[in-house]
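Step one of this worksheet: look at the structure below.
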Amino acid sequence: MHSRMMSGLAASALVVSGLCSLPQQAQAQDRDLGRMSDYIKIAQQDQTGQVVRNRWLVQVEGAVTAQGGKSAQNVNAQKKVMAAAAKAGVKVKQHRSYTRTFNGMAVTMDGKQAAKLARLPGVKGIYPVVTAKRPVTRGGATSPDMATAVNLTGAAIARDDLGLDGKGIKVGVIDSGIDIDHPDLGGKGTNGSTSFPTSRVKWGHDFVGDDYDAEKPDSIPVPDAVPDDCGGHGTHVAGIIGADGDTSGKGIKGVAPKVSFGAYRVFGCNGSTSSEIIMAAMERAEADGMDVVNMSLGASMMTWADYPTAQAADAMSDRGTIMVVSAGNAGESGAFSSGAPSVGRKTISVASFDNSHVTQRAIRAQANGKLYGYTAADEVPVPTTGSLPVVSLGEPGTPQAQGCEPYTEEQKALFADGAAALVQRGTCSFHEKALAAQQAGAKAVLLYNNAPGTISPSVAGDTPITIPVVMLSQQDGTELARQLEQGNVVEWTEQTVSSADPNAGRISSFSSWGASADLDLKPDVGAPGGNIWSTYPLEKGGHTSMSGTSMAAPHVAGNVAQLLQERPELKGQPQTVRTLLQNTADHGALWSLAPDLGLKEMVLRQGSGMVQVDRALLTQQSISPSKISLGEAQRKPVTTELVLRNDSRRATVYTFANESSIGSLGTSDPSFDLMDANVKLPKRVVVPAGKTKKVKVTIQAPTDAPNGYLYGGWIVASSDTGTTLNVPYLGMAGDYQRVDVLRAPGFDGPCLGEMTGPVNDRRAVCLPEQEGLSYSMAKDDQPTPVFRLEYPTEMLQMVVHKANADGTKGEQVGIAAEFVHEGRASANVGLPWDGTYLTTGSSPYQARVQPGDYILEIKALRALGDADNPEDWQSWTSEPFTATFQNPAPVDDGTSPIDPLAVQRAQQ
């Protein structure tokens with residue numbers, strides 16, 4: 000493997016996008032189905048994780064113990080690298096050692112030292128530590144016993160009819176911990192009453208403590224032996240996998256209610272974690288011998304399978320652990336929006352489907368006695384008793400109704416008696432709305448949607464929100480706003496309201512798209528993740544509703560536990576389990592953007608489709624490989640050998656069919672089309688009892704497909720016994736090395752621009768092209784190339800050139816920044832240049848140019864491209880400018896929001 004040094008771009012990248020427009024009324028027979036922005040509003044904020052400054056994961060040579068290596072040899076290899084670093088004068092401090100799933104170290108060093116360390120013998124790769132944001136969960140809930148969710152996947156049949164409750168299966172949950180006191184999860188039902196380990200949570204560790212937040216520079220992990228949960232996400236996940244509550248009361252039952260848990264806490268009560276911490280938890284879970292590990296977390300857009308968390312997941316799979324990982328919640332960002340570790344080549348990456356029903360807690364309006372369902376913000380407590388008046392500041396759709404501006408003294412007076420503010424979604428963040436109301440004296444905030452559907456508001460921010468915040472539907476909020484007189488009262492209740500979800504069984508809008516950076520088909524399968532009711536810490540009410548691929552992955556983890564219980568020979572066989580789940584999944588869901596067209600959901604979003612665990616349990620046939628990743632076909636047909644296996648006692652006769660998927664072109668605002676691949680299938684095939692048979696399938700990209708078009712579908716094998724098996728496939732038409740990496744629809748760049756906005760919300764924006772530009776090179780007056788990363792890239796460089804007298808590009812001075820194996824950025828990227836560059840040679844150091852005229856060039860090596868082939872690079876060159884160096888910024892030490900260091904590749 001070629002060594003990789005990577006650095007993230009997300010620290011200053013933010014989306015600039017247009018407003019939602021109405022869907023085009025495309026007809027099923029039309030080839031052109033419009034763009035994503037014709038149907039939904041594109042993501043308004045960046046989805047990527049941030050780089051943790053000066054923290055790196057250093058991979059050294061040698062096999063990990065999960066893949067047959069020796070721990071002592073790995074430790075010795077790491078010591079040799081550290082000794083070589085000391086001899087070479089590299090200033091690096093080691094914090095953690097990994098040997099089981101990743102052979103390497105977590106270290107602190109600045110970018111200059113990283114560039115030196117990369118050249119030392121024994122170093123295989125250097126990767127930035129990135130944050131994994133606490134997964135954003137959104138709206139709704141199912142009935143209290145999750146009956147509708149388990150019916151969608153056949154889990155109810157497996158659990159209730161076949162008696163498969165997961166007993167004897169060890170399931171690790173790498174998350175925010177598990178509330179060990181929760182009675183549905185084996186606790187005694189009172190906070191602080193249960194000792195760890197418990198009857199259900201038998202293994203685990205807290206790696207961080209309550210106050211840890213990876214995005215705060217001064218945050219330090221404080222480990223603890225007890226992995227109790229104060230955030231709630233992990234408890235919710237664990238409940239979906241295996242809650243065993245009393246359903247005659249308020250308790251719920253999960254998919255596999257008798258599994259044993261390992262709880263590996265990587266989140267504090269609030270905020271993010273980092274890949275360094277996640278890696279430590281993966282090592283511990285592997286050491287504890289978990290049969291299944293659920294990871295409802297990840298770094299969105301980090302789609303390269305060689306990122307350490309993905310490598311570690313694959314290593315755990317090689318050892319026999321079945322890794323079930325959420326695909327991510329960046330669906331509004333378009334293609335290539337999944338992330339590590341879900342893009343691991345051996346993981347089970349899980350998409351989210353919406354549940355069939357929504358059941359929410361409710362408030363009652365005294366004026367009409369009606370109950371209005373709500374979804375609570377998970378950062379604040381919400382009461383179940385008491386009442387308060389409601390104040391609406393404006394008609395729906397007006398700026399006043401949206402409550403983004405500080406309240407006037409007249410408006411503040413309306414809250415003098417302790418009223419709730421009724422505020423419409425839109426224009427500013429939920430935190431800003433809640434903070435403005437809180438500062439005005441409101442005792443609660445009743446948000447309501449500005450579009451159909453349910454959503455959970457996040458009110459996390461620098462200033463804590465201490466008042467209740469809930470989200471109502473658009474219809475209910477508008478009704479309250481228009482019918483309630485000022486001063487009317489709402490009551491908090493313990494009651495719920497239930498209704499059918501109009502999006503039932505369709506892919507969730509937030510569910511991330513594939514593929515991986517190397518065009519592997521992801522996600523693999525899907526499960527209910529939209530509108531799920533599950534366990535929650537007792538101090539936060541005991542149960543709540545959440546949505547996300549975070550909720551879909553544990554459903555599949557529970558399904559896997561049911562499989563392993565029924566078929567113990569599948570323990571330690573991750574690829575066989577994935578094959579069974581993919582072969583028997585249901586890919587019949589309608590396209591969520593336009594279900595009335597009767598078209599099936601894209602393979603790029605659902606993989607094989609909704610898991611059907613009852614089919615997986617009962618089938619005696621299988622096909623492998625269970626998916627076909629065609630890569631960039633460049634118009635040439637690709638032949639794949641499929642192995643049909645028949646474990647039944649009679650011969651099975653198969654017939655084959657191809658079902659094409661909707662295809663797409665582009666990433667952040669893809670266009671959709673109906674272009675069938677050219678597929679050659681075998682004829683009638685007979686597989687004798689207890690035997691296997693090999694057949695060949697040949698697939699060629701659609702003849703008229705434009706370059707970069709992602710096409711796919713499903714090879715469906717139907718047998719004379721009634722068994723139907725499917726194998727999804729995905730490919731890219733044309734040449735991956737000719738896609739447009741630096742531009743996006745509706746984006747004016749690349750360009751010279753600037754960074755605007757507050758420190759925690761910096762935006763990269765273009766400025767009009769002009770002549771005679773001059774920069775002092777002080778911190779807020781630096782030339783800033785602004786561009787997009789529309790596709791994953793092998794390498795990204797910012798190259799400094801002298802400007803010729805005629806304004807053309809002159810002699811190359813050096814490389815000011817270099818990043819390797821970057822995923823997409825769902826936003827504009829800005830790279831301010833402070834006048835420094837990295838010298839070449841065996842001992843590189845940072846130098847600064849002299850005052851003068853310069854040009855900056857952004858160069859991107861497209862994914863899977865050849866660095867020696869000029870045609871595989873895309874570049875953009877700025878207009879000339881003058882660097883005067885009046886009050887220049889100090890030479891960067893590697894701690895700036897965007898690290899401008901040029902980082903060279905390590906040696907082979």
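Letter 106 of the sequence shown, counting from 1, is numbered 105 in numbering that gives the first Met the number 0, and no numbers are missing. Just so it is clear, CB atoms sit at the ideal spot from N, CA and C, and this is done for glycine as well. On a predicted model such as this, the values are computed, not experimentally measured, just so you know.
- Residue 789 sits in coil when the DSSP states are folded into three classes, being neither helix nor strand.
- Membership of residue 294 in the beta strand (DSSP E) is indicated by the continuous run 291-294.
- At least 8 Å separates the beta-carbon of residue 295 from that of residue 338.
- Residue 776: not part of any alpha helix (DSSP H); DSSP gives it neither H nor E.
- Scanning the stretch 206-271 for uninterrupted beta strand (DSSP E) segments of 3 residues or longer gives 259-264, listed from N- to C-terminal end.
- For residue 331, there is no enclosing beta strand (DSSP E), since its DSSP letter is neither H nor E.
- Counting only residues of its own chain and dropping the five nearest sequence neighbours on each side, residue 164 has a CB closer than 7 Å to the CB of 158, 255, 256, 257.
- Apart from the 5 residues on each side of it in sequence, residue 475 sits with its Cβ closer than 6 Å to the Cβ of 371 in its chain, given in chain order.
- Just so you know, the alpha carbons of residue 67 and residue 83 end up roughly 26 Å apart.
- For residue 821, the pairing in a beta bridge is given by DSSP as 792.
- With respect to residue 557, residue 154 sits close: the two C-beta atoms are nearer than 8 Å.
- Distance between residue 347 and residue 297, taken at the CA atoms: about 13 Å.
- Pairing residue 186 with residue 376, the inter-Cα distance amounts to about 25 Å.
- By the CB criterion at 8 Å, residue 533 and residue 267 fall outside the cutoff.
- Here DSSP, grouped into helix, strand and coil, assigns residue 406 to coil.
- Excluding the 5 residues flanking it on each side, residue 466 has same chain C-beta neighbours closer than 8 Å at 379, 433, 436, 437, 441, 442, 443, 444, in chain order.
- The stretch 176-185 makes contact with the stretch 242-254, as at least three CB pairs between them are under 8 Å.
- Counting only residues of its own chain and dropping the five nearest sequence neighbours on each side, residue 364 has a CB closer than 6 Å to the CB of 489.
- Of the candidates 511, 459, 175, 216, the residue whose Cα lies closest to the Cα of residue 325 is 511.
- Taking the C-beta atoms as reference points, residue 343 is found nearer than 8 Å to residue 304.
- Rounded to whole angstroms, residue 610 and residue 555 show a C-alpha spacing of 7 Å.
- Spatial neighbours of residue 796 in its own chain (CB-CB distance under 6 Å, excluding positions within 5 residues in sequence) are listed in chain order as 814, 817, 858.
- Contact between the stretch 688-697 and the stretch 579-594 is absent: fewer than 3 CB-CB pairs across the two stretches fall below 8 Å.
- When C-alpha distances from residue 204 are compared across 221, 427, 188, 190, the shortest belongs to 221.
- For the stretch 499-563, the full-length beta strand (DSSP E) segments reaching 3 residues or more read 524-529, 531-534, 542-545 along the chain.
- Beta-bridge analysis with DSSP links residue 97 to 103.
- In this structure, residue 95 sits near residue 275, with a CB-CB distance shorter than 8 Å.
- Under DSSP, residue 171 forms a beta bridge with 261, 292.
- Below 8 Å, too few C-beta pairs join the stretch 746-763 and the stretch 611-618 to call them touching: fewer than three.
- Rounded to the nearest angstrom, the gap between the Cα atoms of residue 862 and residue 792 is 5 Å.
- At a cut-off of 3 residues, the continuous stretches assigned as beta strand (DSSP E) that sit fully inside the stretch 622-653 are 627-631, 637-645.
- In this structure, the beta-carbon distance from residue 469 to residue 373 falls below 8 Å.
- Fewer than three beta-carbon pairs drawn from the stretch 821-828 and the stretch 703-719 are found closer than 8 Å, and the two stretches are therefore not classed as touching.
- Across the structure, residue 687 and residue 156 are spaced so that their CA atoms are roughly 30 Å apart.
- Sequence-distant Cβ neighbours of residue 383 in its own chain, meaning closer than 6 Å and more than five residues away, are 491, 493.
- The criterion of a C-beta distance shorter than 8 Å is not satisfied by residue 784 and residue 724.
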